[in-house]
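All residue numbers for the sequence shown refer to the UniProt record's numbering, where the first residue is 1 and numbers rise by one.
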Amino acid sequence: MPTNPYYAGPPSDHFDGTRFFSPGHPFNKSRKDLLKWQFGGGKVAWPKAYPGEPFDVPPARVAGSGLRVTSIGHASVLIQTAGLNILIDPVWSERASPVAWAGPKRVNPPGIRFEDLPPIDIVLVSHNHYDHMDIATLSRLRRRHGFRLITPLGNDRILTGADSELTAETHDWGARVPLGEGLAVHFLPSHHWSARGLGDRLMALWAAFMIETPAGAIYHIADTGYRDGALFREAGRMFPHIRLAILPIGAYEPRWFMRDQHINPEEAVRILRDCGADWALAHHWGTFRLTNEGIDEPPRALGEALAAAGIAPERFRVQKPGGVLDLSGDPA
Numbered sequence: 001m002p003t004n005p006y007y008a009g010p011p012s013d014h015f016d017g018t019r020f021f022s023p024g025h026p027f028n029k030s031r032k033d034l035l036k037w038q039f040g041g042g043k044v045a046w047p048k049a050y051p052g053e054p055f056d057v058p059p060a061r062v063a064g065s066g067l068r069v070t071s072i073g074h075a076s077v078l079i080q081t082a083g084l085n086i087l088i089d090p091v092w093s094e095r096a097s098p099v100a101w102a103g104p105k106r107v108n109p110p111g112i113r114f115e116d117l118p119p120i121d122i123v124l125v126s127h128n129h130y131d132h133m134d135i136a137t138l139s140r141l142r143r144r145h146g147f148r149l150i151t152p153l154g155n156d157r158i159l160t161g162a163d164s165e166l167t168a169e170t171h172d173w174g175a176r177v178p179l180g181e182g183l184a185v186h187f188l189p190s191h192h193w194s195a196r197g198l199g200d201r202l203m204a205l206w207a208a209f210m211i212e213t214p215a216g217a218i219y220h221i222a223d224t225g226y227r228d229g230a231l232f233r234e235a236g237r238m239f240p241h242i243r244l245a246i247l248p249i250g251a252y253e254p255r256w257f258m259r260d261q262h263i264n265p266e267e268a269v270r271i272l273r274d275c276g277a278d279w280a281l282a283h284h285w286g287t288f289r290l291t292n293e294g295i296d297e298p299p300r301a302l303g304e305a306l307a308a309a310g311i312a313p314e315r316f317r318v319q320k321p322g323g324v325l326d327l328s329g330d331p332a
């Protein structure tokens, strides 16, 4: 029986004493499946450059019930509300990879220049995959900003193992963590998995975040499969006023391999309906090539799915790095 190098705790409905799992929906893709996908063809070429919006220069703070969200690229977003600045899954590195010389490479720069970041109060890291947990960026942020780093169980050991000063608060699904200024973050389940290397699969937890704010709740899902949709309907039941859902729309082909871990645009539209959010913002597309679909396919497919569902496209916003969604009043 392997030992877990990151977390030791009692078994639960999503932890067997060694590994975490999604109850009723275990992640069961094997290395053989991975090789079948990698060498099976069907990958659409990406351009070497895919320009974003002009760089955003955020204000120092957004007060009260104002809400401003900047797309930085891939899964990285800056949320500004109630005088607090929250970064989720910040990645400023050139590659989403354990090494600097190989792996998925950016096709556009981060939508905010690092030196233009406002003071950062909170950093949320959803899980330990390299396109979400970028230790080089977190260390760089630590040297510049004094922030609280908050992440699911087990990920603190990964962080301090790489940088002893990257201390993090860790929490389980179901936790409610006060952030100050009337904000709190809830750790909610998602259908995903974790690993930094070959021998630590499922040994640190992953999570979605529900952030309570004076502007309404913000539901951030980093990565998830859809499965039966029960998680998202339950989120809507628990939080009847979700102002904004930040949902992934990319890295979903081929479906036989990806459907258990990454939703596609049609499923993102289902989640919007399931949770009942007023607005949605797309992420997890157009920066790092992770899977087979073309770079423009996610927003095109999202438009088709919205039309089929009878949902106005303005309700589910798509923006490139540097794009800003301002819900302080009616969005433009």
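Where a beta carbon is used, it is the ideal one built from N, C-alpha and C, also for glycine.
Bear in mind the structure is a predicted one, so any value in this text is a computation, not a measurement.
Asked: Length at least 3, wholly inside the region 168 to 245: the beta strand (DSSP E) runs in chain order; Found: 169 to 171, 176 to 180, 183 to 188, 208 to 212 and 217 to 220
Asked: Whole-angstrom C-beta distance between P98 and R61, which should lie under 8 angstroms; Found: Not a contact, Cβ separation roughly 35 angstroms.
Asked: P90 versus G197, A8 and H127, residue with shortest Cα-Cα distance; Found: H127
Asked: Euclidean distance between Cα positions of V177 and A45; Found: 42 angstroms
Asked: Beta-carbon proximity check, A251 vs H241, cutoff 8 angstroms; Found: no
Asked: Helix, strand or coil at A251 according to DSSP, with G and I counted as helix; Found: coil
Asked: CB of S65 within 8 angstroms of CB of H283, strictly; Found: no
Asked: Reduced DSSP category for K36 - H, G, I as helix; E, B as strand; rest coil; Found: helix
Asked: Presumed contact (8 angstroms Cβ cut-off) between I122 and L179, rounded CB distance; Found: 6 angstroms
Asked: Extent of the continuous alpha helix (DSSP H) run through E96; Found: In the sequence as displayed, the identity of residue 96 is Ala instead of Glu. Segment: none, A96 is in no alpha helix (DSSP H) and carries neither H nor E.
Asked: C-beta contact flag for R152 and H129 at 8 angstroms; Found: Position check: residue 152 holds Pro in this sequence, whereas Arg was assumed. Going by C-beta atoms, P152 is not nearer than 8 angstroms to H129.
Asked: Through-space distance from W279 to G40, alpha-carbon basis; Found: 37 angstroms
Asked: Host alpha helix (DSSP H) of N292 (start-end); Found: That residue, N292, is in no alpha helix (DSSP H); it is neither H nor E in DSSP.
Asked: Close-in-space but distant-in-sequence residues of the same chain around D274 (CB under 7 angstroms, 5 per side omitted); Found: G229, F232, R233 and G236
Asked: Beta bridge counterpart(s) of F316 as assigned by DSSP; Found: A280
Asked: Beta carbon of D56 nearer than 8 angstroms to that of G111; Found: yes
Asked: For G161, the first and last residue of its enclosing alpha helix (DSSP H); Found: N155 to A162
Asked: P10, buried or exposed, once every other Cβ within 10 Å from all chains shown has been counted against 16; Found: exposed
Asked: Spatial distance of K29 from E297 (CA atoms); Found: 25 angstroms
Asked: Every unbroken beta strand (DSSP E) within the region 61 to 90, with a cutoff of 3 residues, ordered by chain; Found: 67 to 73, 76 to 81 and 84 to 88
Asked: D260, enclosing beta strand (DSSP E) - first and last residue; Found: Premise fails: D260 is in no beta strand (DSSP E) and is neither H nor E.
Asked: L34 burial status per 10 Å Cβ neighbour count (16 or more: buried); Found: exposed
Asked: Nearest to L124 (by Cα), restricted to the options V107, A75 and E165; Found: A75
Asked: Per-residue burial, E253 [other beta carbons within 10 Å of its own, 16 or more giving buried]; Found: buried
Asked: According to DSSP, residues forming a beta bridge with D326; Found: R68
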